[in-house]
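Colleague: Handing you this structure, nothing more for now.
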Amino acid sequence: MSRFTSEDEAQLQSMLRQLLQSVKEKITGAPSVERAEEILLHLEETDENFHNYEFVKYLRKCINSTVGSLIEEETEKCISAQSQGEVSGYDTLVQHVTKKTRESKEYREMMHALKNVMMVVVESLINKFEEDRMHNKELDNKTKKERRSGYYTDNCSDSDSSLNQSYTFLSQEQLQLLVERLDPIQPTEVRQEALQTLCFAPPSDILNSETWPNLRKHLTMCLSDPDAAFSEKILRFYAKAFSSSPFNMTRDVYTSLAKHLEFYFLSGEYSLRISAGLDVSNPDIDRLLRKVRLLNEYQKEAPSSWIRHPEKYMEEVVDTTFSLLSVIHEPTHPASPDFLSPVYFLALLDIKAVWFKKWTHAYYSRAVVLRLLEKKYKSLINAAVQQCLDYFESCKARVNKNSSVSDFSHQYYSDEKNFSYTGQELQYVYFVHSLCLLGRLLIYKQGQNLFPVQLKNKKDRVSITDLLVLFTQLIYYSPSYPKTALAGHTDNYSPASLVMEILQVFCDQTGCAAECLYTDAVIDALLHPVQSVLSGTEVYLNCLETTLIDVADILARIAAVDDGLSFLLHGGNEKTTKEDSPTGVHVIVQFTKKLLHDDISLLSGSELLPVVKGAFIFVCRQMYRTCEGLQVLIPYGLHESMAEAWKKMSVLSERVPTPVTGVDSISSISLESKNSLLWEETLLDALLNFSATPRGLFLLHSTGAMNDCVNFIFSSLSKKLQANEYEEFGNKVIITQMATTPSGAVALQSSGFIKALVTELWALLECGKDDLRITQPKSTPIDPIDQSCQKSFLSLINLLTYPAVFELLSKQDIPNKPVYSFREVPTDIIDIIDRLIILNSEAKIHSLFSYEQSHIFGLRLLNVLCCELNTLLLLESQYKVSQVLLTAQEENVTETSEGPGDFIIDCLSVERNHVLVRMNLIGGPRERILPLRVLDKGSNSYPWPMFSSLPLPKCYLAEIPRKDEFRHDKDLDKLLSLLKSPEKQSGWTEICRKQFYKVMKARPDIISGTTMDGDVKNESLSSVQQLGVEMTVRYGKYLNLLKEHAENGLCFVLMNCKKFLKQEQRTVVSSLCCLQEHCPGYDWFASSVFLIMSGDGEKTLMFLKQFSRLLVSAFLWLPRLHISVHLPATTVESGIHPVYFCSTHYIEMLLKAKLPLVFAAFQRSAFTPSQICLQWITQCFWNYMDWREICHYIATCILLGPDYQIYICISVFKHLQQDILKHTEAQDLQVFLKEEPLHGFRVSDYLEYMESLEAIYRPMLLEDMRNIRVQNT
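What follows is the structure in structure tokens.
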């Protein structure tokens, strides 16, 4: 290649000619230059003669001679490495060799030489181009004839491609001559010939030449030539330039065309009027439209490339466009209002203003567009606003006169071809264009800054709010399609559908929506049709049903956002001055209730009535799914109206009509039954969504629809009917809420949900997926719980709260069968405990295919369950779980000649050791030490001592931190003196509160339990209570609060409490297990007070009797209100404690308001704050806080008020925020919150934060807490 002779050059030219001649047809058929390049790049794949071309053979020869040996060498190296397992697969080998070859010095030199040679050859080909044309004259003549005969077959100026014709390469001298011949003073024949030559030249060469500025002037002037064929050729040149040249060149072409049009519209030659209409079949109008279309096509394509060029180029295009669109007659001109301006033509071709949407999509161009609109072309915005106002006024006038409104949207886009437009139709097209442009403009903050605008014929300026009110009113004042055509139009250009699109985008853009939509004026405009129907006034609306459906859609989207929901519930600041003006929620709920009661005469008999009902129920559902929304909706009794409608419909659906002879009757009955079933499911779904919150679940129970709702959600989950991920998480949250209540757990059991969950779990643990094709043995899981089972594990944790466990397991025995079949699949929770946790027989072990994995799953589940102390006591009392695990540890030892040896350390023994310590040791984060469940590196891989009998090794008991030597404290003495003499001074409560704050902040360690004994037998205590007594005494002795024989004193307290509380309990007939017990669980609060009193039973009882008179006792001492006469019968029969439907309900509400990230983490984990808070409160934070903090929790709630229980829980979540977010990502939030104590949390650290919460929420919380005894809705 280094000796390149003239013979070589001639030979290469011949090769290139052969190649280009062979692929000529493929290239000339390409629509663009990029596509032509792509065809050449993939020629080997598409041309079967590729390897026969001489030029390809030449290239292959160069490659073989230069890098052939290198390729062989690298290939051998790769094959050698592949045999050793370092490289695998043919593709990897090819990639490796290709990479090494391209990085080599030889390859770079070859490419450099080839480029030099090919540059010489191509330059020679270009120089000899004229000679080649002479040699192929006959072929050229034939081509020209074909081109002339087919040149004008396409009627569109911009549909041609620069590759559909041969190129003529022109020198600078030829280009200069071409410019002179195109001068308008030249004869027509000369200009025609010059233009023909221009069309054969590459547009990029023309645009890049020195002669282009002069040529552009001539072309711009020639566009106005009366000869249509002449201007048509110029448009074709422009079209070729747009499609094949870069933006920095085509901008000149665009501005040239735009300025020509601007000059034409301003000239006296143009005289079109709006009132005269527009006939597009007229050749002159057709040519004008094609010019505008070419501009519009470029407008839509330019944004994809202008970011790669200087901003001034883009600004030139934008400025020229706005200048053209701003063309109007002077106001003094007699035809000024009737002038058919350029924007009408653009609107005809791009009715939805797609060009403007693309220009404002990216910030780079949007900033320029909006800056120019603000500084130079605000008249464009004014004209668009004026057009919308004019159209609205015309619609409103027609509606008020009750006259028919012409639907130009239907006429304009009808199936029949339309070659002319009336003045009204032109105005409508411009209105749609203006509407879409303004809708896009208001999305952005910079666009909003262009408002308010001042219109010439209006005294007041038009603000964003005014414009949005106008948009909203168009929904019900503008013409709509008939009811029968509601779903028939996919591309609907009616004003209502266009406004809906705009408002839906606003709702999605939360920042914009907050600025624009959340105003009283806009909401009032949305609710106007609803209020009109409610008030019974005459309604002049187009298609009332579709209007109401559209309004409900926007309201639902607003309610789905926190800020929008708050605005609907409470209104804006303006509402506070208008007490007679109801908030949005009032109107919506009142209207929905009337719909449910079929109390709206205007809609009676309408086919769309069920759709309207469903739409407004969905709006309400968006509100009552949240705690804040439910609080506002409770007084309206919406759940009762829905339940009444559902019961009525369920009764009707049970009546199966007798079939009548004839197909029509059968089909009508079938359709009616389908509609009834659909409406019944809509109501069930609406009722079901009440249970998204604790209070809502309580209301759902009062309707009697709990079981049907659970059956419905289980059916939906079974059929995989969830619409999206949000709905799926919502359903899981609902199930978690239900599992926190006894009646909800029983409903889940009876629906088959628990059976399905257990069956699915067993399939994953023991069987694997049925549809999994086994190509290699399944790998051993490295995680304690395999990823495939994690979802089922978390579902079980969400389900097995203590209320659920008590209902599902109370007084149930373990099966303990002598033989278990491999095909015997568990179907209930008791089976899970039998088959996965209590493996106390060889039959159970041998029935498992994956013994270790399945048993570890069971032990991990047991570990989480035992974190809830009542569940632990129930499992211990009924199944002696600790003893089973101890026996298993005892058997898991090495055998020696001298007898049992050391414990065998394996995954199961390590897991059992952790569970045993957790079950038999009470204490907060600094009071007990739990062994890790991992092995360390080194010789001593597991330093934690194992055991097979109780008591526990002392190493698991943390050393109690020594108390500071007690010194008299003035603040504490003052607090104690105040507590002893409450009647001595006025404002005693407030003084005590301040003094308590002072002591807590200064010396929080002072407030903890300190000083008994008694002799009472414990025969009447249940086994659960006896175990609780043992656990409490063990903990008290560890804290040095109790002496020997303290069990008697605690039994004495519990029996007296039982006797005292029984006197205030009502008799309830119920199938719920919890209502058949005087106290379903252990009394952790009474035990805490017993420890605070240092085991003094008399003092404990005296305190509890006096304490029981206080409101706070209802929320701290949970057994106090169990089946109590102080609660309404309906509340008692639900089995739901006020702590759940009151305290935890407000915890969720405050959590969403104050810690939205934490609340979102719970939602994402399908877990609920109410469930974990109920667990904490029920057991007085035992095992979660150290003893001192437990005392602080109790003292704070008693002295500062019961609402502090809620504030403390919020403070705990604030303390745990980062951990909660981290474990949400790890998908184990439930496990973390239940297993882990509250490390580092101190009540005293958050007193100021709690005080700030009190200042905002106390009135509402205390009022609701006091109302629990009359809570019947």
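Using my numbering, the letters of the sequence shown map in sequence onto residues 172 to 1444.
Glycine residues also receive a C-beta, built at the ideal position from the N, C-alpha and C atoms.
This structure is a prediction, so every number in the text was calculated from the model and none was measured.
What residue from S1314, C683 and Q675 has the CA that sits closest to K723's CA?
Modeller: Contrary to the premise, residue 723 reads as Ala rather than Lys in this sequence. Distances from the CA of A723 to each of S1314, C683 and Q675 were compared; the closest alpha carbon is that of Q675.
Colleague: Answer yes or no: do F1261 and G1268 have a C-beta to C-beta separation smaller than 9 angstroms?
Modeller: yes
Colleague: I need the boundaries of the alpha helix (DSSP H) containing V350, first residue and last residue.
Modeller: Q343 to R352
Colleague: Would L1400 count as contacting chain C if we go by Cβ distances under 9 angstroms?
Modeller: In the structure shown, chain C cannot be found, because there is only a single protein chain.
Colleague: Can F787 and L766 be called in contact, C-beta distance under 9 angstroms?
Modeller: Yes, the pair counts as a contact, with Cβ atoms nearer than the cut-off.
Colleague: Assuming T797 contacts T864 (C-beta within less than 8 angstroms), just tell me the rounded distance between them.
Modeller: 7 angstroms
Colleague: Exposed or buried, what is L848 when buried is set at 16 or more other beta-carbons lying within 10 Å of its beta-carbon?
Modeller: exposed
Colleague: May I ask which residues mark the beginning and end of the beta strand (DSSP E) holding V1064?
Modeller: V1064 to T1067
Colleague: Got a sec, what are the start and stop residues for the alpha helix (DSSP H) C1078 sits in?
Modeller: It spans C1078 to N1091 - the alpha helix (DSSP H) in which C1078 sits, taken as one unbroken run.
Colleague: Can the beta-carbon of L1101 be found closer than 9 angstroms to that of L1123?
Modeller: no
Colleague: Name the residue from R866, L919 and H1249 whose alpha carbon lies nearest to the alpha carbon of C880.
Modeller: That would be L919, whose Cα lies nearest to the Cα of C880.
Colleague: Put G1072 into one of helix, strand or coil per three-state DSSP.
Modeller: DSSP places G1072 in strand when its eight states are reduced to three.
Colleague: Using the beta-carbon count (16 or more within 10 Å), is F642 buried or exposed?
Modeller: buried
Colleague: Could you tell me the distance, in whole angstroms, from the CA atom of H1297 to the CA atom of C683?
Modeller: 50 angstroms
Colleague: Write down every uninterrupted run of the alpha helix (DSSP H) in the segment 385–452 whose length is 4 residues or greater and which is fully enclosed by it, in chain order.
Modeller: 399–415 and 418–437
Colleague: Using three-state DSSP, classify S497 as helix, strand or coil.
Modeller: coil
Colleague: Who pairs with Q1236 in a beta bridge, going by DSSP?
Modeller: S1295
Colleague: Spell out the partners DSSP gives F510 in its beta bridges.
Modeller: Looking at the DSSP assignment, F510 forms a beta bridge with R444.
Colleague: Taking the continuous alpha helix (DSSP H) assigned at S922, which residues delimit it?
Modeller: P913 to S922
Colleague: Compute the distance between the beta-carbons of E1039 and K1405, then report whether it is under 9 angstroms.
Modeller: Against a cut-off of 9 angstroms, the Cβ pair of K1405 and E1039 comes out as a contact.
Colleague: Grouping DSSP H, G and I as helix and E and B as strand, with all else coil, what is Y534?
Modeller: helix
Colleague: Under a three-way DSSP split, which group does K547 fall into?
Modeller: coil
Colleague: For the structure I just gave you, are there three or more beta carbon pairs, one from the segment 1020–1029 and one from the segment 994–1008, closer than 8 angstroms?
Modeller: yes
Colleague: Counting beta carbon pairs with one atom in the segment 530–537 and one in the segment 447–466, are three or more of them shorter than 8 angstroms?
Modeller: no
Colleague: If you drop the 5 nearest sequence neighbours on each side, which residues of the same chain put their C-beta closer than 7 angstroms to that of V803?
Modeller: L740 and V756
Colleague: Which residue comes first and which comes last in the alpha helix (DSSP H) that contains I1027?
Modeller: Annotation for I1027: the continuous alpha helix (DSSP H) segment containing it runs Y1022 to L1036.
Colleague: Using DSSP with H/G/I as helix, E/B as strand and the rest coil, what is R994?
Modeller: coil
Colleague: Could you check the C-alpha separation between D769 and A816 for me, to the nearest Å?
Modeller: 10 angstroms
Colleague: For D331, collect the residues of the same chain with a Cβ closer than 7 angstroms to its Cβ; drop the 5 residues on either side in sequence, then sort them by chain order.
Modeller: With a pLDDT of only 39 at D331, under the threshold of 50, the placement of this residue in the model should not be trusted, and no figure is reported.
Colleague: DSSP on L712, reduced to helix/strand/coil?
Modeller: coil
Colleague: Helix, strand or coil for S1018 per DSSP?
Modeller: DSSP places S1018 in coil when its eight states are reduced to three.
Colleague: Check whether the Cβ atoms of C1351 and F1286 sit closer than 9 angstroms, and answer yes or no.
Modeller: no
Colleague: Would you call the segment 594–601 and the segment 512–530 touching, i.e. three or more CB-CB distances under 8 angstroms?
Modeller: Between the segment 594–601 and the segment 512–530, the count of C-beta pairs closer than 8 angstroms reaches three or more; the two stretches touch.
Colleague: Here's the rule: buried if 16 or more other CB atoms are within 10 angstroms of the residue's CB, otherwise exposed. What is F993?
Modeller: exposed
Colleague: Is the beta carbon of Q793 closer than 9 angstroms to that of C687?
Modeller: no
Colleague: Could you tell me if K523 is buried or exposed, where buried requires 16 or more neighbouring beta carbons within 10 angstroms of its beta carbon?
Modeller: Its Cβ being crowded by 16 or more others within 10 Å, K523 is buried.
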